[in-house]
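Visitor: The opening residue of the sequence shown carries number 1201 in our numbering; numbering runs sequentially from there.
No residue lacks a Cβ here, since even glycine has one placed at the ideal position from N, Cα and C.
The structure's right below; bear with me while I get my questions together.
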Amino acid sequence: MSFPLLTATAALPAIGAIATAAVPAAKRTAAKWLALLFSLATLALAITVLVRFDPDGDRYQLTESHSWIADFGVRYELGVDGIAVALIALTALLIPFIVLAGWHDADPLETGSRRWRPTQGFFALILAVEAMVIISFEATDVFLFYIFFEAMLIPMYFLIGGFGDRAHKDGEEKAATQRSYAAVKFLLYNLAGGLIMLAAVIGLYVVAGNFSLTEIAQARASGELEIATSTERWLFLGFFFAFAVKAPLWPLHTWLPNAMQESTAPVAVLITAVVDKVGTFAMLRFCLQLFPEASKWATPVILVLAVISIIYGALLAVGQRDIKRLIAYASISHFGFIVMGIFAMTSQGQSGATLYMVNHGISTAVLMLIAGFLISRRGSRLIADFGGVQKVAPVLAGTFLIGGLATLSLPGLAPFVSEFLVLVGTFTRYPVIGIIATFGIVLAALYTLVLYQRTMTGPVKPEVAAMPDLRVREIAVVAPLVVLLVFLGVYPKPVTDVVNPAVKQTLSDVQKKDPQPEVEAAK
């Protein structure tokens, strides 16, 4: 029996969560180091998965399959394709930096505070989310995926509601109320999507007789399983609704700005760079593979929603006064690009969308974590409270600029390649949609450069005159991510080589081919 590598990759952070939570309350520093150690060990296993994965091999590799709830046809089935491998690697890569960045975010509050901040619980919850996200990327049983798709809401709820930054000026009680509101809104939106998906999961079992993604897809491809058109469309909508909430796609996005605003910066990164990727990943794995005809039927409407997300998110980012909310609306715009690339139904679009998931995770982590360091120094999230930071903290300002330039997809940085592929892939099949989406790039330049100008340039405000530059721990957090942004911006081939075969198989599932160019290339 071969070593269950996929199970181990998901189980290790879960074990780490339990071990971290069990550390005595007086040993806060030990809990932090233990969480960091488990996150690094998980990264080592994720690298092993990446190394052992053969892009030219079987579609799903390193598979595991065991009977679980036999009476209902539920199995513990795991397997990864190139898209899942890339996102597992992204998740495992970001968690150690999230832990390091949040090193002091759960330290006790000032003397006399009525709020107790359980340090062990903070880091244990982060590891628990990592475990659930990884197994969601690995699951090839629909019911197994659904369980962890929903279960990750629980630790995220406590991370949002129980741990917030200290930049509130309205008092601790009001800050706690706002955090609770954001956490409940996050939970209700995602639970609503999950309940609708549960009905679709049950409906899928009724028509297919099992929950195995691979068996159902093979039966559909061979003609052994036929689903009525109306039934397939309803099932597709049930799955897609849940994924669109998680993504988040307009108009189901409104929970994200509140959640990111009230979270600590590392938790905000966990939300948008890790957890939200499960939604867009699931569109590729489940919607397109299980419901190919319904996916094509819904494509025009979904593309319109994606374009609205791109423009709407960017426009609202331009008008924000809160740094975190600006980054949140920018992420909504970026997720619009990802969804557009998925449903453009071209190899360039879907390859770009997958690459965008990876690159967006890295670029958002850089920008949000630097923003978190900036906010913690000033004690405010408001853009107007900053000015002239680059004169007193040039390293902080420089890395903030790099994160911002990556957000606006500057050529030479990683997001540019993915955004370019998405736009090219969309334009070849839906030129009007592609042209409208391009305006999102212009707006991204506007909100990013205005943010930098207002916070980093100009006269030094008295409140930031004594602001310290990045410390060693903070440089250790952002420097590797900045290097990755540059490396993948210049040489994205390591990622595209892994994801492209899976993208081609996904296009085959929906029986789509790339449009032929109108003008033949000169020979």
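Just curious, the alpha helix (DSSP H) that residue 1653 is in, first and last residue?
Guide: Element bounds for residue 1653: 1631-1656.
Visitor: Taking 8 Å as the threshold, find out whether the segment 1519-1526 comes into contact with the segment 1492-1501 through three or more Cβ pairs.
Guide: Short answer: they don't touch.
Visitor: Spatial neighbours of residue 1479 within its chain, please: C-beta separation below 6 Å, excluding the five flanking residues on both sides.
Guide: Correct list, in chain order: 1443, 1446, 1447.
Visitor: Which partner residues does residue 1269 have in the DSSP bridge list?
Guide: DSSP lists 1274 as partners of residue 1269.
Visitor: Less than 8 Å between the CB atoms is what I'm expecting for residue 1529 and residue 1604, so what's the real figure, rounded?
Guide: 14 Å between Cβ atoms; not a contact.
Visitor: By the DSSP assignment, the alpha helix (DSSP H) with residue 1238 in it spans what residues?
Guide: Note, residue 1238: alpha helix (DSSP H), 1228-1252.
Visitor: Does the distance from the C-beta atom of residue 1392 to that of residue 1438 stay below 7 Å?
Guide: The answer is no: Cβ separation not under 7 Å.
Visitor: Return the CA-CA distance between residue 1598 and residue 1395, expressed in angstroms with no decimal places.
Guide: Cα-Cα distance, rounded: 45 Å.
Visitor: Rounded to whole angstroms, what's the CA-CA distance from residue 1647 to residue 1331? Just pull it up for me.
Guide: Cα to Cα, the separation comes out at about 34 Å.
Visitor: So the candidates are 1612, 1567, 1617; which of them puts its Cα closest to the Cα of residue 1601?
Guide: Nearest C-alpha to residue 1601: 1567.
Visitor: Quick one: using the 10 Å Cβ neighbour count with 16 as the cut-off for buried, is residue 1406 buried or exposed?
Guide: Counting Cβ neighbours within 10 Å, residue 1406 comes out exposed, since fewer than 16 surround it.
Visitor: Please say whether residue 1291 and residue 1249 have beta carbons closer to each other than 7 Å?
Guide: No, the Cβ-Cβ distance between residue 1249 and residue 1291 is not below 7 Å.
Visitor: Alpha carbon to alpha carbon, how far is residue 1616 from residue 1581?
Guide: If I take the Cα positions, the gap works out to 28 Å.
Visitor: Given a cut-off of 7 Å, decide if residue 1286 and residue 1699 are closer than it, judged by their beta-carbon atoms.
Guide: Yes, the Cβ-Cβ distance between residue 1699 and residue 1286 is below 7 Å.
Visitor: Around the C-beta of residue 1692, are 16 or more other C-beta atoms found within 10 angstroms, so that it is buried, or is it exposed?
Guide: Per the 10 Å Cβ criterion, buried.
Visitor: Buried or exposed: which applies to residue 1461, given that a residue is buried once 16 or more other Cβ atoms fall within 10 Å of its Cβ?
Guide: Buried, since its Cβ has 16 or more Cβ neighbours within 10 Å.
Visitor: Indicate the three-state DSSP secondary structure (helix, strand or coil) for residue 1263 in the structure shown.
Guide: Three-state result, residue 1263: strand.
Visitor: CB-CB under 7 Å to residue 1231, same chain, minus the five flanking residues each way: which ones, in chain order?
Guide: These residues qualify, in order along the chain: 1220, 1223, 1319, 1320, 1323.
Visitor: Check whether the Cβ atoms of residue 1626 and residue 1540 sit closer than 7 Å, and answer yes or no.
Guide: Yes, these two residues count as a Cβ contact at 7 Å.
Visitor: Please report the Cβ distance between residue 1545 and residue 1710, rounded to the nearest whole angstrom; I am assuming they are in contact, meaning their Cβ atoms lie under 8 Å.
Guide: The pair is a contact, with the Cβ atoms about 6 Å apart (cut-off 8 Å).
Visitor: Under the rule that 16 or more other beta-carbon atoms within 10 Å means buried, what is residue 1706, buried or exposed?
Guide: Residue 1706 comes out buried.
Visitor: Tell me whether the segment 1585-1597 and the segment 1549-1566 touch, counting them as touching only if at least three CB pairs, one residue from each stretch, are closer than 8 Å.
Guide: In short, these stretches do not touch, since the Cβ pair count stays below three.
Visitor: Using only the alpha-carbon positions, how far apart do residue 1656 and residue 1421 sit?
Guide: Straight-line Cα distance between these residues: approximately 56 Å.
Visitor: If the criterion is Cβ atoms closer than 7 Å, does the pair residue 1338 and residue 1388 meet it?
Guide: For residue 1338 and residue 1388, no; Cβs fall outside 7 Å.
Visitor: If you draw a straight line from the alpha carbon of residue 1263 to that of residue 1360, how long is it in whole angstroms?
Guide: Taking the straight line joining both Cα atoms gives about 34 Å.
Visitor: Give a single yes or no on whether residue 1681 has its beta carbon closer than 6 Å to a heavy atom of the ligand MG.
Guide: No copy of the ligand MG occurs in the structure displayed, which carries no ligand at all.
Visitor: For residue 1569 and residue 1474, which I take to be in contact (beta-carbon distance under 8 Å), what is that distance rounded to the nearest angstrom?
Guide: Actually they do not touch by this definition, with Cβ atoms about 13 Å apart.
Visitor: Could you check if residue 1348 is buried or exposed, using at least 16 other CB atoms within 10 Å of its CB as the buried criterion?
Guide: Buried, by the Cβ-count rule.
Visitor: Is the beta carbon of residue 1644 less than 7 Å from the beta carbon of residue 1514?
Guide: Against a cut-off of 7 Å, the Cβ pair of residue 1514 and residue 1644 comes out as a contact.
Visitor: How far does the alpha helix (DSSP H) with residue 1357 in it extend, from its first residue to its last?
Guide: It spans 1353-1362 - the alpha helix (DSSP H) in which residue 1357 sits, taken as one unbroken run.
Visitor: Could I get the ranges of all uninterrupted alpha helix (DSSP H) runs contained in the segment 1542-1599, with 4 residues as the minimum, in chain order?
Guide: You should have 1547-1578, 1589-1592.
Visitor: CA-CA distance, residue 1251 and residue 1641?
Guide: Straight-line Cα distance between these residues: approximately 35 Å.
Visitor: Since residue 1212 is in the alpha helix (DSSP H), which residue starts that stretch and which ends it?
Guide: Taken as a continuous stretch (DSSP letters only), the alpha helix (DSSP H) holding residue 1212 covers 1205-1221.
Visitor: Could you tell me the distance, in whole angstroms, from the CA atom of residue 1297 to the CA atom of residue 1353?
Guide: Approximately 21 Å, taken between the alpha carbons.
Visitor: Please report the Cβ distance between residue 1623 and residue 1634, rounded to the nearest whole angstrom; I am assuming they are in contact, meaning their Cβ atoms lie under 8 Å.
Guide: Their Cβ separation, rounded to whole angstroms, is 6 Å, which keeps residue 1623 and residue 1634 in contact under 8 Å.
Visitor: Are there three or more Cβ pairs, one per stretch, closer than 8 Å when the segment 1456-1471 is compared with the segment 1421-1435?
Guide: Taking 8 Å as the limit for Cβ pairs, the verdict is that the segment 1421-1435 does not touch the segment 1456-1471.
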